[in-house]
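**Q** Right, I'll just put the structure down here and ask away after.
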Amino acid sequence: MDEKRPVTVIRPKSGWFDLPIKELFRYKDLILLFVKRDFVSLYKQTILGPAWAVIQPFLTTIVFSLVFGRIAGLAAEGVPTFIFYLSGNVVWHYFSNCLTQTSNTFIANSNILGKVYFPRLVMPVSTVISKLIDFAIQFSFMLIFVVYYWATNAGVHPNWFVLMTPVLLLQLAMLSLGCGVIISAATTKYRDLRMLVTFGVQLWMYGTPIAYDMFSMGVFAPGSKYYGLYMCNPVTPIVNIFRYGWLGIGQIDWFYYGVGWMVTLVILFLGVVLFSRVEKTFMDTV
Numbered sequence: 524m525d526e527k528r529p530v531t532v533i534r535p536k537s538g539w540f541d542l543p544i545k546e547l548f549r550y551k552d553l554i555l556l557f558v559k560r561d562f563v564s565l566y567k568q569t570i571l572g573p574a575w576a577v578i579q580p581f582l583t584t585i586v587f588s589l590v591f592g593r594i595a596g597l598a599a600e601g602v603p604t605f606i607f608y609l610s611g612n613v614v615w616h617y618f619s620n621c622l623t624q625t626s627n628t629f630i631a632n633s634n635i636l637g638k639v640y641f642p643r644l645v646m647p648v649s650t651v652i653s654k655l656i657d658f659a660i661q662f663s664f665m666l667i668f669v670v671y672y673w674a675t676n677a678g679v680h681p682n683w684f685v686l687m688t689p690v691l692l693l694q695l696a697m698l699s700l701g702c703g704v705i706i707s708a709a710t711t712k713y714r715d716l717r718m719l720v721t722f723g724v725q726l727w728m729y730g731t732p733i734a735y736d737m738f739s740m741g742v743f744a745p746g747s748k749y750y751g752l753y754m755c756n757p758v759t760p761i762v763n764i765f766r767y768g769w770l771g772i773g774q775i776d777w778f779y780y781g782v783g784w785m786v787t788l789v790i791l792f793l794g795v796v797l798f799s800r801v802e803k804t805f806m807d808t809v
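Here it is, written out as structure tokens:
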């Protein structure tokens, strides 16, 4: 009697909205393998290993504290400058790393994608998940200083909004995934975009309250002329809520946080649709 074996039928995509969402769950083991590969390859043959996940935001925080905090005076008042910039850098490093890595998915993995079939969306999804490991290390490092400043009454006042951290992290992951796969799909034909990604991420950072406190700057403060436009940046409400929860500074604008979620979902949807459309022919142009 012949044994019944599972059969996988590979069919071409038939339309714009033929998305491989269900297949992602079937390939969850492959996603975990790529997560392990990305993390191991990142710190392979390095002396300090995963310690670099802490060193990078730590050095960036020191530079920001000196240049933007003490010299320019752009840090928030009533809270230690170091923890103000560290909290922003922890959030931004996760978002920017996810965006940068996913935007290079097709080109960086063309040797694998041309040999075996699997849902191509597996690779950017695994990148976003692997960066969670770095975030966990950096976040744990930040918590040490939060506890220290809270215990010494240095102006840090964590509150119940810290429970929103997983939701904020999910939104960052979805936003970076959507933006990254859009860029990745476009770079299969237009390699110039690869040169602009790093520059664009830097500009985006300065359009987000990472290097300065928006509430102490009249041009971006609530009620100002550019406040609404500035808050349409979906990362801005995330940073504000994160700092409000863990440091107890600033304020939360729920309207623009909702707008940020709408922008995130639209970008993610467009990114997945475009990515799935381009993956059929990317081997001809990559």
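Just so you know, our numbering puts the end of the sequence shown at 809, numbered straight through with nothing missing.
Glycine included, C-beta positions come from ideal geometry on N, C-alpha and C.
Apart from the five residues on each side of it in sequence, which residues of its chain come closer than 8 Å, Cβ to Cβ, to Val645?
**A** Counted from its first residue, the sequence shown places residue 645 at position 122. Result list for Val645: Leu547, Tyr550, Leu553, Ile554, Phe557, in chain order.
**Q** Take Tyr672 and list the residues in its own chain whose beta-carbon comes closer than 6 Å to its own, dropping the five residues that flank it on each side.
**A** Residue 672 sits at position 149 when you count from the first residue of the sequence shown. Closer than 6 Å at Cβ, skipping near neighbours: Pro603, Ile606, Val679.
**Q** Check this for me: beta carbons of Glu600 and Asp736, under 9 Å apart or not?
**A** Mapped onto the sequence shown, residue 600 falls at position 77. Mapped onto the sequence shown, residue 736 falls at position 213. In contact: Glu600 and Asp736 (Cβ atoms closer than 9 Å).
**Q** Are the beta-carbon atoms of Asp561 and Ser649 separated by less than 9 Å?
**A** As a first step, residue 561 is located in the sequence shown; it is residue number 38 there, counting from the start. As a first step, residue 649 is located in the sequence shown; it is residue number 126 there, counting from the start. Contact flag set, yes.
**Q** Report yes or no: do the stretch 774-790 and the stretch 698-708 share at least 3 C-beta pairs separated by less than 8 Å?
**A** Yes, since at least three Cβ pairs between the stretch 774-790 and the stretch 698-708 fall closer than 8 Å, the two stretches touch.
**Q** Leaving out the 5 sequence neighbours to the left and right, which residues in its chain are closer than 7 Å to Asn756 when beta-carbon positions are compared?
**A** Reading the sequence shown from its first residue, position 233 is the one you call residue 756. Once the five neighbours on either side are set aside, the close Cβ partners of Asn756 are Gly730, Thr731.
**Q** Would you mind sorting Arg643 into buried or exposed? The rule is 16 or more other CB atoms within 10 Å of its CB.
**A** Along the sequence shown, read from residue 1 onward, the residue named residue 643 stands at position 120. Label assigned to Arg643: buried.
**Q** Kindly indicate which three-state DSSP category Phe629 falls into: helix, strand or coil?
**A** To locate residue 629, count along the sequence shown from 1; it is residue 106. Of the three classes helix, strand and coil, the one that applies to Phe629 here is helix, per DSSP.
**Q** Determine whether the beta carbon atoms of Trp615 and Val720 lie at a separation below 9 Å.
**A** In the sequence shown, counting from the first residue as 1, residue 615 sits at position 92. In the sequence shown, counting from the first residue as 1, residue 720 sits at position 197. Cβ distance not < 9 Å, so Trp615 and Val720 don't count as in contact.
**Q** Can you list, in chain order, the residues of its chain with a C-beta nearer than 7 Å to that of Pro760? Leave out the 5 residues immediately preceding and following it.
**A** As a first step, residue 760 is located in the sequence shown; it is residue number 237 there, counting from the start. Excluding positions up to five away in sequence, the list reads Met754, Asp776, Tyr779, Tyr780, Gly783.
**Q** Of the choices Pro745, Gly611, Lys545, Leu589, whose alpha-carbon is the least far from that of Val669?
**A** As a position in the sequence shown, residue 669 is number 146, starting the count at 1. Nearest C-alpha to Val669: Gly611.
**Q** Leaving out the 5 sequence neighbours to the left and right, which residues in its chain are closer than 8 Å to Met740 when beta-carbon positions are compared?
**A** Residue numbering aside, residue 740 sits at position 217 when the sequence shown is read from its first letter. The residues are Leu597.
**Q** In terms of alpha-carbon separation, which member of Lys654, Ser633, Met687 lies closest to Gln624?
**A** Sequence index remark: in the sequence shown, residue 624 carries index 101 (1-based). Out of Lys654, Ser633, Met687, Lys654 has the C-alpha closest to the C-alpha of Gln624.
**Q** For Met524, is the classification buried or exposed, using 16 other Cβ atoms within 10 angstroms of its Cβ as the cut-off for buried?
**A** Here residue 524 refers to the residue found at position 1 when the sequence shown is read from its first residue. Reliability fails at Met524, whose pLDDT of 46 lies under 50, so the model's placement of it is uncertain and the value that follows must be treated cautiously. Counting Cβ neighbours within 10 Å, Met524 comes out exposed, since fewer than 16 surround it.
**Q** Helix, strand or coil: how does DSSP classify Val796 here?
**A** In the sequence shown, the residue the question calls residue 796 occupies position 273. It is helical.
**Q** When burial is assigned at 16 or more other CB atoms within 10 Å of the CB, is Leu636 buried or exposed?
**A** Locating residue 636 in the sequence shown gives position 113, where the first residue counts as 1. It is buried - the Cβ of Leu636 has at least 16 other Cβ atoms within 10 Å.
**Q** Specify the secondary structure class of His680 as computed by DSSP and reduced to three states.
**A** In the sequence shown, counting from the first residue as 1, residue 680 sits at position 157. Three-state DSSP puts His680 in coil, outside helix and strand.
**Q** According to the neighbour-count rule (16 or more other Cβ atoms, all chains shown, within 10 Å of its Cβ), is Leu571 buried or exposed?
**A** Within the sequence shown, residue 571 is the residue found at index 48, counting from 1. Classification for Leu571: exposed.
**Q** Could you name the residues of the same chain whose beta carbon sits closer than 8 Å to that of Leu695, not counting the 5 residues immediately before and after it, in chain order?
**A** Stepping through the sequence shown from its first residue, residue 695 is reached at position 172. Excluding residues within five positions, the ones whose Cβ falls inside 8 Å are Val614, Tyr617, Phe618, Cys621, Val758, Ile761.
**Q** Using three-state DSSP, classify Tyr608 as helix, strand or coil.
**A** What you label residue 608 is simply residue 85 of the sequence shown in a count that begins at 1. DSSP places Tyr608 in helix when its eight states are reduced to three.
**Q** Does Pro573 come out as helix, strand or coil in the three-state DSSP assignment?
**A** What you label residue 573 is simply residue 50 of the sequence shown in a count that begins at 1. Three-state result, Pro573: helix.
**Q** Can you confirm whether Ala744, when its beta carbon is compared against all beta carbons of chain D, has any partner nearer than 9 Å?
**A** No chain D is part of this structure, which consists of one protein chain only.
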